[in-house]
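Novice: Just dropping this structure here.
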Amino acid sequence: MYIFRSTAPSQPGAFLQTSNVTRRCLSTLSSRIRLPARLSARCYSSEKQSNSDRRLTGGTTTPAPSEEALKSKAPFYFEAGYALFAKRPSRPFPPPFLSYPSGSFSDPLSTHHRSRDRRSYYDGEMIRGITNGDDAVLVSDNFICANDGVGAWAHREKGHAALWARLILHFWALEAEKDQYGRDAEPNPVRYLQEAYENTKKATNEWQGTTTACSALLGADKDDPSKPILYVTQLGDSQVLVIRPKDGNTLFKTKEQWHWFDCPRQLGTNSPDTPTEIAVMNRMELEEDDVVIAMSDGVVDNLWEHEIVDFVLESLRKWNNGEVAKERGKDPGEESHAQGMHYVAEELVKEARKIAEDPFAESPYMEKAVEEGLSIEGGKLDDISVVAAQCKRRNG
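Residue numbers for the sequence shown follow my numbering, so the first one is 314 and each next one is one higher.
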(Lines of atoms letter the chains of each structure in order from A; the text may use other names.)
(Lines give C-alpha, C1' and ligand atoms only; values in the text may rest on other atoms or scores of the structure.)
Protein backbone atom coordinates (compact mmCIF):
# COMPACT_ATOMS: atom_id res chain seq x y z
CA MET A 314 0.00 0.00 0.00
CA TYR A 315 1.21 3.51 -0.79
CA ILE A 316 1.80 6.22 1.78
CA PHE A 317 2.43 9.90 1.37
CA ARG A 318 5.75 11.53 2.12
CA SER A 319 7.41 14.84 1.43
CA THR A 320 10.71 14.28 -0.35
CA ALA A 321 11.47 17.98 -0.72
CA PRO A 322 9.74 21.28 -0.01
CA SER A 323 8.87 21.53 -3.69
CA GLN A 324 7.39 18.03 -3.72
CA PRO A 325 4.91 17.89 -0.85
CA GLY A 326 2.80 15.18 -2.40
CA ALA A 327 5.41 12.62 -3.38
CA PHE A 328 4.72 9.01 -2.57
CA LEU A 329 6.69 6.49 -0.63
CA GLN A 330 6.23 3.17 -2.37
CA THR A 331 6.07 -0.22 -0.72
CA SER A 332 5.42 -3.72 -1.93
CA ASN A 333 1.92 -5.04 -2.53
CA VAL A 334 3.16 -8.51 -1.62
CA THR A 335 4.40 -7.98 1.93
CA ARG A 336 5.35 -11.20 3.72
CA ARG A 337 6.14 -12.90 0.43
CA CYS A 338 9.69 -13.28 -0.84
CA LEU A 339 10.12 -12.20 -4.45
CA SER A 340 12.54 -15.04 -5.10
CA THR A 341 9.77 -17.58 -4.44
CA LEU A 342 7.18 -15.74 -6.49
CA SER A 343 9.17 -14.65 -9.52
CA SER A 344 7.99 -17.63 -11.53
CA ARG A 345 4.33 -16.58 -11.27
CA ILE A 346 4.26 -12.85 -10.41
CA ARG A 347 5.65 -10.12 -12.62
CA LEU A 348 6.00 -6.92 -10.64
CA PRO A 349 6.86 -3.54 -12.10
CA ALA A 350 9.82 -1.79 -10.52
CA ARG A 351 7.70 0.55 -8.41
CA LEU A 352 6.02 -2.42 -6.68
CA SER A 353 9.12 -4.50 -6.02
CA ALA A 354 11.01 -1.94 -3.96
CA ARG A 355 10.68 -4.01 -0.79
CA CYS A 356 9.95 -7.59 0.15
CA TYR A 357 9.62 -8.11 3.86
CA SER A 358 10.71 -11.73 3.77
CA SER A 359 12.11 -11.45 7.29
CA GLU A 360 8.59 -11.16 8.74
CA LYS A 361 8.06 -14.85 9.38
CA GLN A 362 5.48 -16.08 11.83
CA SER A 363 3.81 -19.42 12.33
CA ASN A 364 0.06 -19.73 12.18
CA SER A 365 0.00 -20.25 15.95
CA ASP A 366 1.66 -16.86 16.43
CA ARG A 367 -1.10 -15.13 14.47
CA ARG A 368 -4.35 -15.88 16.24
CA LEU A 369 -7.84 -14.47 16.29
CA THR A 370 -9.01 -12.27 19.12
CA GLY A 371 -12.29 -10.51 19.76
CA GLY A 372 -15.07 -9.64 22.14
CA THR A 373 -18.36 -7.83 22.56
CA THR A 374 -17.14 -4.38 23.57
CA THR A 375 -13.97 -2.34 23.33
CA PRO A 376 -12.69 -0.63 26.49
CA ALA A 377 -14.12 2.74 27.43
CA PRO A 378 -14.48 4.64 30.70
CA SER A 379 -18.12 3.66 31.09
CA GLU A 380 -18.54 5.89 34.09
CA GLU A 381 -17.50 8.88 31.98
CA ALA A 382 -18.69 8.11 28.46
CA LEU A 383 -21.95 9.78 27.52
CA LYS A 384 -24.61 7.35 26.35
CA SER A 385 -26.93 7.97 23.43
CA LYS A 386 -30.54 8.70 24.38
CA ALA A 387 -31.86 7.13 21.17
CA PRO A 388 -34.47 4.38 21.63
CA PHE A 389 -32.28 2.05 19.56
CA TYR A 390 -28.87 0.57 20.21
CA PHE A 391 -26.34 -1.91 18.82
CA GLU A 392 -25.83 -5.44 20.06
CA ALA A 393 -22.30 -5.79 18.75
CA GLY A 394 -19.16 -7.88 18.71
CA TYR A 395 -15.80 -7.74 17.00
CA ALA A 396 -13.11 -10.12 15.77
CA LEU A 397 -9.51 -9.40 14.82
CA PHE A 398 -6.59 -11.04 13.05
CA ALA A 399 -3.23 -9.25 12.90
CA LYS A 400 -0.59 -10.16 10.35
CA ARG A 401 2.02 -8.89 12.82
CA PRO A 402 1.96 -7.39 16.33
CA SER A 403 1.39 -3.67 16.69
CA ARG A 404 4.30 -1.44 17.56
CA PRO A 405 4.07 -0.24 21.19
CA PHE A 406 2.79 3.30 21.41
CA PRO A 407 5.43 5.97 22.07
CA PRO A 408 5.31 8.50 24.93
CA PRO A 409 3.07 10.17 26.01
CA PHE A 410 0.75 7.32 24.98
CA LEU A 411 3.02 4.57 26.32
CA SER A 412 1.72 2.02 28.79
CA TYR A 413 3.22 -1.20 30.02
CA PRO A 414 2.90 -3.99 27.43
CA SER A 415 0.97 -7.19 28.09
CA GLY A 416 0.77 -10.60 26.53
CA SER A 417 -2.07 -9.57 24.24
CA PHE A 418 -1.04 -10.13 20.63
CA SER A 419 -3.63 -7.90 19.06
CA ASP A 420 -3.14 -4.93 21.35
CA PRO A 421 0.23 -4.42 23.05
CA LEU A 422 -1.32 -1.44 24.84
CA SER A 423 -3.16 -3.89 27.10
CA THR A 424 -6.63 -2.52 26.55
CA HIS A 425 -7.91 -5.95 27.59
CA HIS A 426 -6.38 -5.48 31.05
CA ARG A 427 -8.49 -4.17 33.92
CA SER A 428 -5.73 -2.11 35.51
CA ARG A 429 -5.66 1.60 34.70
CA ASP A 430 -1.86 1.54 34.84
CA ARG A 431 -1.74 -0.92 31.96
CA ARG A 432 -4.01 1.00 29.61
CA SER A 433 -3.16 3.75 27.14
CA TYR A 434 -4.10 7.32 27.95
CA TYR A 435 -3.85 10.70 26.30
CA ASP A 436 -4.35 13.96 28.15
CA GLY A 437 -5.77 12.07 31.11
CA GLU A 438 -8.38 10.28 28.98
CA MET A 439 -8.27 6.56 28.32
CA ILE A 440 -7.89 6.01 24.58
CA ARG A 441 -11.06 4.44 23.18
CA GLY A 442 -11.07 1.32 21.06
CA ILE A 443 -8.57 -1.45 20.50
CA THR A 444 -5.59 -1.92 18.19
CA ASN A 445 -5.20 -4.79 15.73
CA GLY A 446 -1.85 -4.70 13.96
CA ASP A 447 -2.13 -1.34 12.19
CA ASP A 448 -5.95 -1.35 12.35
CA ALA A 449 -8.15 -0.02 15.14
CA VAL A 450 -11.78 -0.77 15.97
CA LEU A 451 -14.35 0.64 18.37
CA VAL A 452 -17.60 -0.85 19.65
CA SER A 453 -20.19 1.04 21.68
CA ASP A 454 -23.97 1.08 22.07
CA ASN A 455 -24.55 3.49 19.20
CA PHE A 456 -21.22 3.96 17.41
CA ILE A 457 -18.96 1.44 15.70
CA CYS A 458 -15.79 2.16 13.78
CA ALA A 459 -13.07 0.36 11.80
CA ASN A 460 -9.93 2.25 10.80
CA ASP A 461 -7.10 0.80 8.73
CA GLY A 462 -3.68 2.32 9.35
CA VAL A 463 -1.35 2.17 6.36
CA GLY A 464 1.18 -0.45 7.41
CA ALA A 465 4.13 0.86 5.39
CA TRP A 466 4.68 3.50 8.08
CA ALA A 467 5.88 0.72 10.40
CA HIS A 468 9.13 0.66 8.46
CA ARG A 469 9.94 4.30 9.18
CA GLU A 470 11.61 5.43 12.38
CA LYS A 471 8.89 7.94 13.28
CA GLY A 472 6.08 6.08 11.55
CA HIS A 473 3.13 4.79 13.55
CA ALA A 474 -0.01 4.07 11.54
CA ALA A 475 -1.63 2.19 14.43
CA LEU A 476 -1.36 5.30 16.60
CA TRP A 477 -3.09 7.38 13.93
CA ALA A 478 -5.82 4.78 13.39
CA ARG A 479 -6.49 4.50 17.11
CA LEU A 480 -6.46 8.21 17.92
CA ILE A 481 -8.72 9.08 15.00
CA LEU A 482 -11.42 6.73 16.25
CA HIS A 483 -10.81 7.83 19.87
CA PHE A 484 -11.39 11.49 19.10
CA TRP A 485 -14.19 10.60 16.67
CA ALA A 486 -16.06 8.85 19.48
CA LEU A 487 -15.39 11.74 21.87
CA GLU A 488 -16.84 14.26 19.42
CA ALA A 489 -19.97 12.15 18.99
CA GLU A 490 -20.31 11.91 22.76
CA LYS A 491 -19.85 15.65 23.25
CA ASP A 492 -22.60 16.31 20.70
CA GLN A 493 -24.73 13.67 22.46
CA TYR A 494 -24.98 11.85 19.13
CA GLY A 495 -26.96 14.74 17.68
CA ARG A 496 -29.54 14.63 20.46
CA ASP A 497 -31.08 18.00 19.60
CA ALA A 498 -30.42 17.91 15.85
CA GLU A 499 -29.16 15.60 13.13
CA PRO A 500 -25.76 14.15 14.07
CA ASN A 501 -22.85 15.24 11.88
CA PRO A 502 -20.28 12.41 11.75
CA VAL A 503 -18.20 14.18 9.09
CA ARG A 504 -17.77 17.19 11.38
CA TYR A 505 -16.93 14.83 14.23
CA LEU A 506 -14.29 13.20 12.00
CA GLN A 507 -12.83 16.57 11.00
CA GLU A 508 -12.44 17.49 14.67
CA ALA A 509 -10.91 14.08 15.34
CA TYR A 510 -8.44 14.62 12.51
CA GLU A 511 -7.40 18.03 13.83
CA ASN A 512 -7.00 16.68 17.36
CA THR A 513 -4.96 13.72 16.14
CA LYS A 514 -2.58 16.01 14.26
CA LYS A 515 -1.99 17.98 17.46
CA ALA A 516 -1.60 14.87 19.59
CA THR A 517 0.80 12.95 17.36
CA ASN A 518 3.21 15.86 16.94
CA GLU A 519 6.29 14.31 15.25
CA TRP A 520 4.78 10.83 14.85
CA GLN A 521 3.85 10.05 11.26
CA GLY A 522 1.09 7.89 9.88
CA THR A 523 -2.04 7.68 7.77
CA THR A 524 -5.29 5.79 8.12
CA THR A 525 -8.57 5.13 6.38
CA ALA A 526 -11.78 5.49 8.39
CA CYS A 527 -15.33 4.21 8.41
CA SER A 528 -18.08 4.30 11.01
CA ALA A 529 -21.77 3.74 11.63
CA LEU A 530 -23.76 5.84 14.10
CA LEU A 531 -27.20 4.61 15.15
CA GLY A 532 -29.90 7.09 16.08
CA ALA A 533 -33.61 7.70 15.60
CA ASP A 534 -35.66 9.83 13.23
CA LYS A 535 -36.23 13.24 14.83
CA ASP A 536 -39.75 13.46 13.42
CA ASP A 537 -40.65 9.84 14.15
CA PRO A 538 -38.52 8.38 16.98
CA SER A 539 -39.99 4.93 16.34
CA LYS A 540 -37.78 4.66 13.24
CA PRO A 541 -34.06 3.84 13.62
CA ILE A 542 -31.70 5.88 11.45
CA LEU A 543 -28.15 4.91 10.52
CA TYR A 544 -25.44 7.43 9.62
CA VAL A 545 -22.58 5.79 7.74
CA THR A 546 -19.33 7.68 7.14
CA GLN A 547 -16.55 6.56 4.81
CA LEU A 548 -13.06 7.76 3.90
CA GLY A 549 -10.76 5.33 2.08
CA ASP A 550 -11.22 1.61 1.49
CA SER A 551 -12.47 0.32 4.82
CA GLN A 552 -16.14 -0.43 4.31
CA VAL A 553 -19.55 -0.58 5.95
CA LEU A 554 -22.11 -3.11 4.76
CA VAL A 555 -25.77 -3.13 5.88
CA ILE A 556 -27.75 -6.38 5.59
CA ARG A 557 -31.42 -7.16 6.19
CA PRO A 558 -31.39 -10.79 7.38
CA LYS A 559 -35.13 -11.42 7.01
CA ASP A 560 -34.86 -10.71 3.27
CA GLY A 561 -31.28 -11.85 2.76
CA ASN A 562 -30.59 -8.55 1.02
CA THR A 563 -27.82 -5.98 1.06
CA LEU A 564 -29.37 -2.63 1.93
CA PHE A 565 -26.25 -0.56 1.50
CA LYS A 566 -22.51 -0.75 0.94
CA THR A 567 -20.02 2.08 1.03
CA LYS A 568 -17.92 2.76 -2.04
CA GLU A 569 -14.15 2.51 -1.85
CA GLN A 570 -12.22 5.74 -2.39
CA TRP A 571 -8.87 5.57 -4.18
CA HIS A 572 -6.11 7.78 -5.46
CA TRP A 573 -5.08 4.78 -7.55
CA PHE A 574 -4.67 1.03 -7.14
CA ASP A 575 -3.58 0.13 -3.60
CA CYS A 576 -3.45 3.79 -2.59
CA PRO A 577 -6.74 4.61 -0.84
CA ARG A 578 -7.85 7.99 0.37
CA GLN A 579 -6.30 8.41 3.81
CA LEU A 580 -5.97 10.85 6.68
CA GLY A 581 -2.57 11.78 8.04
CA THR A 582 0.97 12.78 7.29
CA ASN A 583 1.36 14.63 3.98
CA SER A 584 -1.96 13.32 2.66
CA PRO A 585 -4.04 15.92 0.80
CA ASP A 586 -7.26 14.25 1.99
CA THR A 587 -9.43 15.82 4.68
CA PRO A 588 -12.80 14.70 6.08
CA THR A 589 -14.71 17.82 5.05
CA GLU A 590 -13.54 17.47 1.44
CA ILE A 591 -13.37 13.70 1.00
CA ALA A 592 -15.50 11.85 3.57
CA VAL A 593 -18.93 10.68 2.43
CA MET A 594 -21.86 10.35 4.84
CA ASN A 595 -25.02 8.41 4.01
CA ARG A 596 -28.23 8.47 6.03
CA MET A 597 -30.65 5.55 5.84
CA GLU A 598 -33.63 4.07 7.61
CA LEU A 599 -33.14 0.76 9.37
CA GLU A 600 -35.41 -1.87 10.84
CA GLU A 601 -34.90 -3.80 14.03
CA ASP A 602 -32.53 -6.76 13.54
CA ASP A 603 -30.78 -5.23 10.52
CA VAL A 604 -27.07 -6.04 10.67
CA VAL A 605 -24.27 -3.51 10.16
CA ILE A 606 -20.73 -4.69 9.37
CA ALA A 607 -17.75 -2.31 9.65
CA MET A 608 -14.58 -3.88 8.27
CA SER A 609 -11.07 -3.13 7.12
CA ASP A 610 -9.85 -3.95 3.63
CA GLY A 611 -8.42 -7.20 4.99
CA VAL A 612 -11.95 -8.49 4.45
CA VAL A 613 -12.99 -6.81 1.21
CA ASP A 614 -9.66 -7.52 -0.52
CA ASN A 615 -10.19 -11.24 0.10
CA LEU A 616 -13.95 -11.79 -0.06
CA TRP A 617 -16.46 -10.58 -2.63
CA GLU A 618 -19.61 -8.86 -1.41
CA HIS A 619 -21.89 -11.82 -2.07
CA GLU A 620 -19.54 -14.05 -0.09
CA ILE A 621 -19.55 -11.66 2.87
CA VAL A 622 -23.35 -11.54 2.85
CA ASP A 623 -23.62 -15.34 2.59
CA PHE A 624 -21.19 -15.90 5.47
CA VAL A 625 -22.98 -13.37 7.68
CA LEU A 626 -26.41 -14.87 6.98
CA GLU A 627 -25.18 -18.42 7.53
CA SER A 628 -23.52 -17.47 10.82
CA LEU A 629 -26.72 -15.76 11.96
CA ARG A 630 -28.78 -18.80 10.99
CA LYS A 631 -26.54 -21.15 12.96
CA TRP A 632 -26.59 -18.86 15.98
CA ASN A 633 -30.34 -18.26 15.97
CA ASN A 634 -31.08 -21.97 15.47
CA GLY A 635 -29.01 -22.87 18.50
CA GLU A 636 -26.46 -24.86 16.49
CA VAL A 637 -23.53 -22.90 17.87
CA ALA A 638 -24.70 -23.28 21.46
CA LYS A 639 -25.13 -27.02 20.91
CA GLU A 640 -21.61 -27.30 19.51
CA ARG A 641 -20.34 -25.50 22.61
CA GLY A 642 -22.38 -27.65 24.98
CA LYS A 643 -24.49 -24.71 26.15
CA ASP A 644 -28.13 -23.78 26.32
CA PRO A 645 -29.03 -21.19 23.61
CA GLY A 646 -30.53 -18.95 26.28
CA GLU A 647 -27.20 -18.70 28.10
CA GLU A 648 -25.59 -16.46 25.50
CA SER A 649 -26.44 -12.89 24.53
CA HIS A 650 -27.21 -11.17 21.23
CA ALA A 651 -23.81 -9.47 21.51
CA GLN A 652 -22.10 -12.85 21.73
CA GLY A 653 -23.98 -13.80 18.59
CA MET A 654 -22.54 -10.76 16.83
CA HIS A 655 -19.09 -11.70 18.07
CA TYR A 656 -19.61 -15.12 16.50
CA VAL A 657 -20.68 -13.53 13.20
CA ALA A 658 -17.59 -11.29 13.19
CA GLU A 659 -15.31 -14.18 14.08
CA GLU A 660 -16.62 -16.43 11.32
CA LEU A 661 -16.18 -13.64 8.78
CA VAL A 662 -12.59 -13.05 9.88
CA LYS A 663 -11.86 -16.78 9.60
CA GLU A 664 -13.18 -16.90 6.05
CA ALA A 665 -11.21 -13.81 5.00
CA ARG A 666 -8.08 -15.24 6.59
CA LYS A 667 -8.38 -18.47 4.59
CA ILE A 668 -8.13 -16.52 1.35
CA ALA A 669 -5.51 -14.08 2.68
CA GLU A 670 -3.15 -16.96 3.46
CA ASP A 671 -3.77 -18.84 0.20
CA PRO A 672 -1.21 -17.82 -2.46
CA PHE A 673 -3.27 -19.46 -5.20
CA ALA A 674 -6.78 -18.27 -4.29
CA GLU A 675 -8.87 -15.99 -6.45
CA SER A 676 -9.60 -12.75 -4.65
CA PRO A 677 -10.99 -9.25 -5.24
CA TYR A 678 -7.47 -7.92 -4.68
CA MET A 679 -6.09 -10.15 -7.41
CA GLU A 680 -8.94 -9.10 -9.71
CA LYS A 681 -8.20 -5.40 -9.17
CA ALA A 682 -4.50 -5.99 -9.79
CA VAL A 683 -5.21 -7.78 -13.07
CA GLU A 684 -7.41 -4.88 -14.16
CA GLU A 685 -4.38 -2.63 -13.58
CA GLY A 686 -2.19 -4.87 -15.72
CA LEU A 687 -0.41 -6.50 -12.77
CA SER A 688 0.02 -10.26 -12.66
CA ILE A 689 -0.65 -10.95 -8.97
CA GLU A 690 -2.10 -14.19 -7.69
CA GLY A 691 -3.75 -15.20 -4.43
CA GLY A 692 -5.26 -13.39 -1.49
CA LYS A 693 -3.81 -10.37 0.28
CA LEU A 694 -2.29 -11.02 3.69
CA ASP A 695 -3.31 -8.08 5.83
CA ASP A 696 -4.73 -7.14 9.19
CA ILE A 697 -8.37 -8.26 9.25
CA SER A 698 -10.80 -6.34 11.47
CA VAL A 699 -14.57 -6.81 11.68
CA VAL A 700 -17.25 -5.22 13.85
CA ALA A 701 -20.70 -6.81 13.53
CA ALA A 702 -23.68 -4.98 15.04
CA GLN A 703 -27.42 -5.61 15.09
CA CYS A 704 -30.03 -2.90 15.56
CA LYS A 705 -32.19 -3.45 18.66
CA ARG A 706 -34.83 -1.44 20.51
CA ARG A 707 -34.12 -0.44 24.10
CA ASN A 708 -36.45 -1.82 26.75
CA GLY A 709 -38.68 0.92 28.07
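For each residue, glycine too, the CB sits at the ideal point set by N, CA and C. Here the structure is a predicted model, which is why all the values come from computation and not from measurement.
Please classify V683: is it buried, with 16 or more other beta-carbons within 10 angstroms of its beta-carbon, or exposed?
Specialist: Burial call: exposed.
Novice: For S698, does the count of other Cβ atoms within 10 angstroms reach 16, so buried, or fall short, so exposed?
Specialist: Classification for S698: buried.
Novice: Specify, as a first and last residue, the run of the alpha helix (DSSP H) that A516 falls within.
Specialist: Here the alpha helix (DSSP H) through A516 covers P502 to T517.
Novice: Under 6 Å Cβ to Cβ from D623, same chain only, skipping five residues before and after it: list those, please.
Specialist: Once the five neighbours on either side are set aside, D623 has no close Cβ partner at all.
Novice: Tell me which same chain residues have a C-beta within less than 6 Å of the C-beta of W477, skipping the five on either side of it?
Specialist: Cβ within range, chain order: G462, G522, T524 and G581.
Novice: State the start and end residues of the unbroken beta strand (DSSP E) segment that holds D461.
Specialist: First-last of the beta strand (DSSP E) with D461: F456 to D461.
Novice: Are Y434 and A658 closer than 8 Å when you measure CB to CB?
Specialist: Their beta carbons are not under 8 Å apart, which means Y434 does not touch A658 by this criterion.
Novice: Which full runs of the alpha helix (DSSP H) of 4+ residues lie inside the stretch 651–708, going along the chain?
Specialist: List check, alpha helix (DSSP H) in window: 677–684.
Novice: In chain order, what residues of the same chain have a beta carbon less than 7 Å from the beta carbon of K693, not counting five sequence neighbours either side?
Specialist: Excluding sequence neighbours, K693 sits near D614, N615, A669, S676 and Y678.
Novice: Count the other CB atoms, across all protein chains shown, that sit within 10 Å of the CB of M597; report buried if there are 16 or more and exposed otherwise.
Specialist: Label assigned to M597: exposed.
Novice: Under a three-way DSSP split, which group does S584 fall into?
Specialist: In this structure, S584 counts as coil in the three-state DSSP scheme.
Novice: Give every residue of the same chain whose Cβ lies closer than 8 Å to the Cβ of I542, excluding the five residues on either side of it in the sequence, and list them in chain order.
Specialist: The residues are L531, G532, A533, D534, R596, M597, E598 and L599.
Novice: Between R707 and F391, what straight-line distance do the alpha-carbon atoms span, to the nearest angstrom?
Specialist: If you take the alpha carbons of R707 and F391, they lie about 10 Å apart.
Novice: Can you tell me where the beta strand (DSSP E) with F711 in it begins and where it stops?
Specialist: Shown here, the chain extends from 314 to 709; a query on residue 711 therefore has no answer.
Novice: Distance check for P585 and H483, CA to CA, integer angstroms please.
Specialist: So the alpha carbons of these two residues sit roughly 22 Å apart.
Novice: I'd like the list of long-range same chain contacts for Q579, defined as Cβ closer than 8 Å, with 5 residues on each side in sequence excluded.
Specialist: Contacts found: I316, F317, V463, T523, T524, T525, L548, G549 and D586.
Novice: In angstroms, rounded to a whole number, what distance separates the CA positions of S628 and A665?
Specialist: Straight-line Cα distance between these residues: approximately 14 Å.
Novice: Which of helix, strand or coil does DSSP assign to F389?
Specialist: In the structure shown, F389 sits in a strand (DSSP, three-state: E or B).
Novice: Return the first residue and the last residue of the alpha helix (DSSP H) that G646 is part of.
Specialist: Per DSSP, G646 belongs to no alpha helix (DSSP H) and is neither H nor E.
Novice: Please tell me whether V452 and T374 are closer than 8 Å, where the distance is taken between their beta carbons.
Specialist: Taking 8 Å as the Cβ cut-off, V452 and T374 qualify as a contacting pair.
Novice: For V593, collect the residues of the same chain with a Cβ closer than 6 Å to its Cβ; drop the 5 residues on either side in sequence, then sort them by chain order.
Specialist: Cβ within range, chain order: Q547.
Novice: DSSP three-state call for A489: helix, strand or coil?
Specialist: Looking at A489 - three-state DSSP - the assignment turns out to be helix.
Novice: May I have a chain-ordered list of the beta strand (DSSP E) segments no shorter than 3 residues that lie completely inside the stretch 550–580?
Specialist: Counting only runs of 3 or more, we get 552–557, 562–566 and 571–573.
Novice: Span of the beta strand (DSSP E) holding E598?
Specialist: Per DSSP, E598 belongs to the beta strand (DSSP E) from V593 to E598.
Novice: Using the Cβ count rule (16 or more neighbours within 10 Å means buried), how would you classify K361?
Specialist: Reliability fails at K361, whose pLDDT of 41 lies under 50, so the model's placement of it is uncertain and no value is given.
Novice: Per DSSP, what kind of secondary structure is D436 in: helix, strand or coil?
Specialist: Reduced to three states, the DSSP call for D436 is coil.
Novice: With DSSP collapsed to three states, give me the class of S522.
Specialist: Reading the sequence as shown, one finds Gly at residue 522 and not Ser. Note: G522 maps to coil in three-state DSSP.
Novice: DSSP three-state call for T373: helix, strand or coil?
Specialist: Coil, per DSSP.
Novice: Within a Cβ cutoff of 7 Å, which residues of the same chain sit near A516, ignoring the five residues on either side of it in sequence?
Specialist: Same-chain partners within the cutoff: Y435 and L480.
Novice: Taking just the CA atoms, how far does A387 sit from N634?
Specialist: About 30 Å.
Novice: Here's the rule I'm using: 16 or more other beta-carbon atoms within 10 Å means buried, otherwise exposed. How should A498 be labelled?
Specialist: Its Cβ having fewer than 16 others within 10 Å, A498 is exposed.
Novice: Name the residue from W520, N518, G372 and D602 whose alpha carbon lies nearest to the alpha carbon of K559.
Specialist: Checking every option, the nearest Cα to that of K559 belongs to D602.
Novice: With a threshold of 16 other CB atoms inside 10 Å of the CB of K705, please say whether the residue is buried or exposed.
Specialist: So K705 counts as buried.
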